[in-house]
Amino acid sequence: MKPNCQRICDLLAQYADGTLSDAERAEVQRHLDACPPCQAIAGKECGARQLLRACAERLRAEPVPPGLRSRCQALSCSPQAGHPWFRPAVKFAIAALLIIFTGSLLAIVTRQSDALLAAQLTADHMKCFGLFRPDPGTTMDAAQVERMLMQRFGFDVHVPPSSDAGGAPGTGAQAGGVELVNARRCLYADGRIPHLMYEANGQDMSLFILEGESREPAELTAFGHHTRIWSRGGNTFVLITPAADNSVAAAARYVADQAR
Amino acid sequence: MLQFLEPLFATAMRLTRNRADAEDLVQDTFVKAFRFSGQFKRGTNLRAWLYTILHNTWRNRRRDASREAVEVDSEQVEQAAAGAGGGEPVETPERILMRSTLDADLQAALDDLPDAFRQAVWLRDVEEFTYAEIAEMLNVPIGTVMSRISRGRRMLFEKLSTPAVVVPAEAAGGRR
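For the record, the sequence lines run as chains Z and G. Using the numbering used here, you'd call the opening residue of the first sequence number 234 and step up by one each time. Using the numbering used here, you'd call the opening residue of the second sequence number 148 and step up by one each time.
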């Protein structure tokens, strides 16, 4: 190693980063041109840097466990969270309160009637399968759907996977061949609930999730569809299946068991 | 703050190399961030502040667990790294790397780096923090940050350009 090599090596991090002054950069470059060992080191450092920059976005996109996100969200809403950087948001607070107030009103109104809930969601079920039915054979990966629902709409929900997706061990053929075919944001209340679309034995099924809402269990029929309402873990689930069709009973049980 | 959750979790994964620990660490970071939010100076970098809390929390936790100090393995590796680099000039290193480095390989190679080097390289090349910000997060002088970045990058390159050694079943099992 030449006497100058150590000095040059000390500058290589900045050389690879492009943060050296022009003069320093020229000096490093002159040395590298004349010193193959240092050139090899610089090549490695620049190569690693370039590779990491090229992959940075993907490396940073580590799927966050849904529970963690909701816990952190809860923390940010705790009374402790009165902070300098939230102050600019104060003017939005009134707007947010208004939205929450309106939402609460809607919730109160809708809670009055399971029949109304069933009717609205059945209508949505029929509309979505009418408009957004995917091509035959299309199935979706539950984990990807969860991610999409979180990223696009902020829904933090568990999506029951297709029964043969391996995500539900032990269910096998008893699960009635349920396939997750699509997921949407449902236009119920103020348009904020997840709608998961399934197919089983050629029949359409929908699972709606009302986050943070509890209801008494209920089963009823609307528009020729069967609606089952139940609550678990602080959420309410609404499962819509074709009425009087026993061929989907196993599939319906599977989805209901998987919902949480 | 929640907009930083995903990259923060990715950073925690590289720190802990364990999903459950990473989840725990990020949650602790948020608890502290909200509790000490009064200490955050407006106009400074909120993202850097969060990462500093994350790294402090991790250091404290490791100290509490009285696990091996970071300096021990970094010293060994600094010696090892000092010996490296004098070999044959590598032709077009970028190409060797870019050729077919899968994300998984890259992540594995990163995870394989000694903690001190992995942290410095990650914070610089993935998160693009400045040397000064990284120095604060890792609680070391700027010069140390730069040398760790330098050597970490070199080690990472070497790990990636050395093909994994596949041991044939016969050799492994001693069947003959």
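No residue lacks a Cβ here, since even glycine has one placed at the ideal position from N, Cα and C.
Proximity to Ser303 (chain Z) across G:Gly185, G:Glu170, G:Arg301 and G:His202 peaks at G:Glu170, based on C-alpha coordinates. For the options G:Leu193, G:Ser297 and G:Thr309, the alpha carbon positioned closest to that of Met284 (chain G) is the one of G:Leu193. Around Val178 (chain G), the beta-carbon contacts reaching into chain Z at under 8 Å are Leu308. The beta-bridge partner set that DSSP reports for Asn479 (chain Z) is empty. Taking a C-beta distance under 9 Å as the contact criterion, Leu270 (chain G) and Phe276 (chain G) qualify as a contact pair. Interface annotation for the region 352-381 of chain Z against chain G: empty, criterion Cβ-Cβ distance under 9 Å. The residue among G:Leu172, G:Thr191 and G:Ser308 with its C-alpha nearest the C-alpha of Arg209 (chain G) is G:Leu172. Taking a beta-carbon distance threshold of 9 Å, Arg271 (chain G) counts as an interface residue toward chain Z.
DSSP, reduced to helix, strand and coil, places Asn415 (chain Z) within a strand of the structure shown. Residues Trp205 of the same chain have their beta carbon placed closer than 6 Å to that of Leu162 (chain G), with the five preceding and five following residues left out of the count.
Considering only beta carbons, the part of the region 149-178 of chain G lying closer than 7 Å to chain Z consists of Leu149, Leu152, Glu153, Pro154, Phe156, Ala157, Met160, Glu170, Val173, Gln174, Phe177 and Val178, in chain order.
For Arg301 (chain G), the residues of chain Z that pass the 8 Å Cβ criterion are Ile274, Lys277, Glu278 and Ala281, in the order they occur in the chain. Excluding five sequence positions before and after Gln272 (chain Z), the CB atoms of its chain that fall closer than 8 Å to its own CB belong to Leu265 and Asp266, given in chain order. Interface with chain G (9 Å Cβ-Cβ cutoff): Gly300 (chain Z) is included. For Arg461 (chain Z), the enclosing beta strand (DSSP E) starts and ends at His458 to Arg465. Cβ neighbours of Ala348 (chain Z) within its own chain (closer than 8 Å, five residues either side excluded): Leu453 and Ala455. One Cα belongs to Leu152 (chain G), the other to Asn468 (chain Z), and the distance between them is close to 24 Å. For Pro261 (chain G), no alpha helix (DSSP H) run applies, since DSSP gives it neither H nor E. At a cut-off of 9 Å between C-beta atoms, Cys419 (chain Z) does not count as an interface residue with respect to chain G. The alpha-carbon of Ile473 (chain Z) is positioned some 21 Å away from that of Asp389 (chain Z).
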